[in-house]
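Below is one structure, written out as structure tokens; the observations come after it.
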Amino acid sequence: MFRQAKWKEPLILEYSSKGLTGLNLQQVEPRIVEKVGGLKIPKGMVREKPINLPDLPEVVVVRHYTRLSQMSYGVDNGPVPLGSCTMKYNPRLAWDIAFDNRITALHPLQDERTVQGLLQMLFELQKWLANITGMDVCSLHPAAGAHGELAGVLTIRRYHELKGNLGLKREIVIPDSAHGTNPASASMAGFVTITVATGEDGNVDFEALKSVVGDATAGLMITNPSTLGLFEERIVEIAELFHKHDALLYYDGANLNGMMGYARPGDMGFDIAHLNIHKTFSSPHGGGGPGAGVVCVKDRVVDEKRGVRLSDLIPGFIIVYDDKTGLYKLREPGPYSVGLIKAFFGNVIPLVWAYVYIASLGPQGLRKAAEHAVMATNYFAKLVEGVKGLEIPFGRGRFRKHEVVLSASKLAEDTGVTAMEVAKGLLDAGFYAPTVYFPLIVKEALQVEFTEAESVENIERYADRLREISKIAYENPEVAKSWPSNTSVGLVDYAKGDHPKTLSPTWRVYVKRMRGELS
Ligand SMILES: *Cc1c(COP(=O)(O)O)cnc(C)c1O
0 MFRQAKWKEP LILEYSSKGL TGLNLQQVEP RIVEKVGGLK IPKGMVREKP
50 INLPDLPEVV VVRHYTRLSQ MSYGVDNGPV PLGSCTMKYN PRLAWDIAFD
100 NRITALHPLQ DERTVQGLLQ MLFELQKWLA NITGMDVCSL HPAAGAHGEL
150 AGVLTIRRYH ELKGNLGLKR EIVIPDSAHG TNPASASMAG FVTITVATGE
200 DGNVDFEALK SVVGDATAGL MITNPSTLGL FEERIVEIAE LFHKHDALLY
250 YDGANLNGMM GYARPGDMGF DIAHLNIHKT FSSPHGGGGP GAGVVCVKDR
300 VVDEKRGVRL SDLIPGFIIV YDDKTGLYKL REPGPYSVGL IKAFFGNVIP
350 LVWAYVYIAS LGPQGLRKAA EHAVMATNYF AKLVEGVKGL EIPFGRGRFR
400 KHEVVLSASK LAEDTGVTAM EVAKGLLDAG FYAPTVYFPL IVKEALQVEF
450 TEAESVENIE RYADRLREIS KIAYENPEVA KSWPSNTSVG LVDYAKGDHP
500 KTLSPTWRVY VKRMRGELS
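Here numbering that gives the first Met the number 0 is used: the first residue of the sequence shown is 0, the next is one more, and so on.
Here's what the structure looks like:
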């Protein structure tokens, strides 16, 4: 039986006791200062009052975090089938290379001639990603998927601005199955969002698209395969429809794992695409470190007279190779570019991670990864067919790509056991829960995505547990409602946890709260 480690662990700050230290910086500092030949800190920048940091010996810190890790669950413990999030196993080779101090010790302001190795890797990564997506130019600049979306919609905005049409082009069309970041990014870029429904067959309703597209349409943001795990069957027609109205097509690439090496957004008519480097290309995410949201474009002409192309518009530095000097260089954003939306030239560590992942798999390996991910998910969908109370809505009978969305709506109706409680039942048996209540168009949604890393046995065990949960829900719903009891943290009070009067986002807030200085 599964039982998670459970430590009565206080906050790290509560271990603090005056006088305890790990490393005495006061003693080390003079030596460091000597080594760098004297460090003159400008007067105004010297801290006058000591900052109130906790006093902790190293061993206490190490044990604290080790115990927390034992109470946690991640891809190194077992599958994390969080639909849409593509939580892959993170190969250790990439880890070793990305965290080599020849990379981590570099400074972004270092002379380009001293970072040629890194720039060459990033240059090649730009090329590979352009190839994988079928686009022409990629910018590694954005920090995450949502940030890549913002980069993309700002590029759409700039496109219409340069053509003198921004006053007219006010709307971005988005299917109702989209990730919430899509409408958020479009709104942040100043557009009005128009939502279009998904048909029973799982495709975006083509007639609805036809009825909303018009002179005011600036672009379409679409995820393919969709968050239902279904390939958009009329994507080429959709692209033609929008292009007829001089609207650009934006590809949300978070689901690229479902077709990597088999189909490319660039070949489907997309103009701009973002990639979630930390999903498709394996960098750890979800509390595991920074991601990267590379944005790629087709190099279509924007303004013939001025010689402006779409690649001149995207934000950030582009790494270029100078034939004359034989050096890799950063090309600054030019006068037509959106500019910079982040300091420096991207989150380098996840980018190196992606470089190693792609280099070690090669083109055939990438195809195989997509194949395995798709097979794993379809095998799972087959296994849960007929589990009482669970259904697969939209596109009945259609082959899924990398993910499948189950609905526990019938189960909830029959037994009162909700998708959230099904998820807790999985946790209780030592599995990780799927994404719940997303996409929003599926009632009581459980969105499951097995990546290429999962074995047949793991998938079967997961399906078996779902079958067992359904049985318990029908026979003994009170048991289902008491889950989880085998995890280090039991049932949490979501409303309380989310409440501003409970949350202490910083140490300062926490101290004030403890002293009763906050209401
Ligand atoms: C994860 C995801 C995003 C957002 O990406 P982040 O890297 O989390 O900002 C956007 N769209 C879809 C479909 C996603 O799954």
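The C-beta atom is built at its ideal place from N, Cα and C for all residues, glycine as well.
- Three or more Cβ pairs closer than 8 Å define a contact, and the stretch 201 to 213 meets that threshold against the stretch 234 to 251.
- For Ala93, the enclosing alpha helix (DSSP H) begins and ends at Arg91 to Ala97.
- Membership of Gly147 in the alpha helix (DSSP H) is indicated by the continuous run Gly144 to Leu161.
- When DSSP reads this structure, Cys137 sits in a beta bridge with Cys295.
- With a 10 Å radius around the Cβ and a threshold of 16 neighbouring Cβ atoms, Leu229 comes out buried.
- Between Phe98 and the set Lys42, Asp302 and Val347, the nearest pair of CA atoms involves Val347.
- For the 8 Å CB-CB criterion, Lys495 and Asp302 do not form a contact.
- Classified as exposed, Tyr64 has fewer than 16 neighbouring CB atoms from the shown chains inside 10 Å of its CB.
- Spanning the alpha carbons of Arg62 and Trp506 requires a straight line of approximately 20 Å.
- The straight-line gap separating the alpha-carbon atoms of Thr192 and Leu329 is approximately 35 Å.
- For Asn100, the Cβ stays outside the 7 Å cut-off from all heavy atoms of ligand 1.
- Counting only the Cα atoms, Gly179 lies some 22 Å from Pro499.
- Under the DSSP assignment, Asp251 falls outside any alpha helix (DSSP H), being part of the beta strand (DSSP E) whose first and last residues are Leu247 to Asp251.
- Put simply, of Tyr335, Ser310 and Gly315 the residue whose alpha carbon is nearest the alpha carbon of Ala342 is Gly315.
- The Cβ neighbour count for Val373, taken over all protein chains shown within 10 Å, is at least 16; the residue is labelled buried.
- Each residue's CA atom was taken as its position, placing Ile271 and Val296 some 4 Å apart.
- Ser186 and Met70 have their C-alpha atoms roughly 39 Å apart.
- A heavy atom of ligand 1 is found nearer than 7 Å to the CB of Asp251.
- Looking at the backbone, the Cα of Gln446 and that of Thr279 are separated by about 17 Å.
- Between ligand 1 and Cys84, a heavy atom-to-CB distance of less than 7 Å is present.
- In the same chain as Gly489, and ignoring 5 residues on each side of it, the C-beta atoms closer than 8 Å to its own belong to Pro483, in chain order.
- Taken from the Cβ of Thr279, every heavy atom of ligand 1 lies 7 Å or farther away.
- Relative to Pro438, the option among Asn76, Asp75 and Ala196 whose CA is nearest is Ala196.
- Approximately 38 Å separates the beta-carbon atoms of Ser138 and Ile11; this is outside 8 Å, ruling out the contact.
- For Tyr431, the closest of Asp75, Glu57 and Asn51 by C-alpha to C-alpha distance is Asp75.
- For Ala479, the Cβ stays outside the 7 Å cut-off from all heavy atoms of ligand 1.
- With a 10 Å radius around the Cβ and a threshold of 16 neighbouring Cβ atoms, Met0 comes out exposed.
- Spanning the alpha carbons of Ile155 and Ser83 requires a straight line of approximately 25 Å.
- Excluding five sequence positions before and after Ser408, the CB atoms of its chain that fall closer than 6 Å to its own CB belong to Lys442 and Glu443, given in chain order.
- Ranked by how close their Cα comes to the Cα of Ala353, the residues Tyr320, Asn377, His277 and Leu389 have His277 in first place.
- Scanning the stretch 414 to 473 for uninterrupted alpha helix (DSSP H) segments of 4 residues or longer gives 418 to 427, listed from N- to C-terminal end.
- Excluding five sequence positions before and after Tyr88, the CB atoms of its chain that fall closer than 7 Å to its own CB belong to Val74 and Ala452, given in chain order.
- At least one heavy atom of ligand 1 lies less than 7 Å from the C-beta of Ala143.
- A distance below 8 Å separates the beta carbons of Pro224 and Met258.
- In the DSSP assignment, Met70 falls outside any beta strand (DSSP E), carrying neither H nor E.
- Note: Glu8 is not bridge-paired with any residue in the DSSP secondary-structure output.
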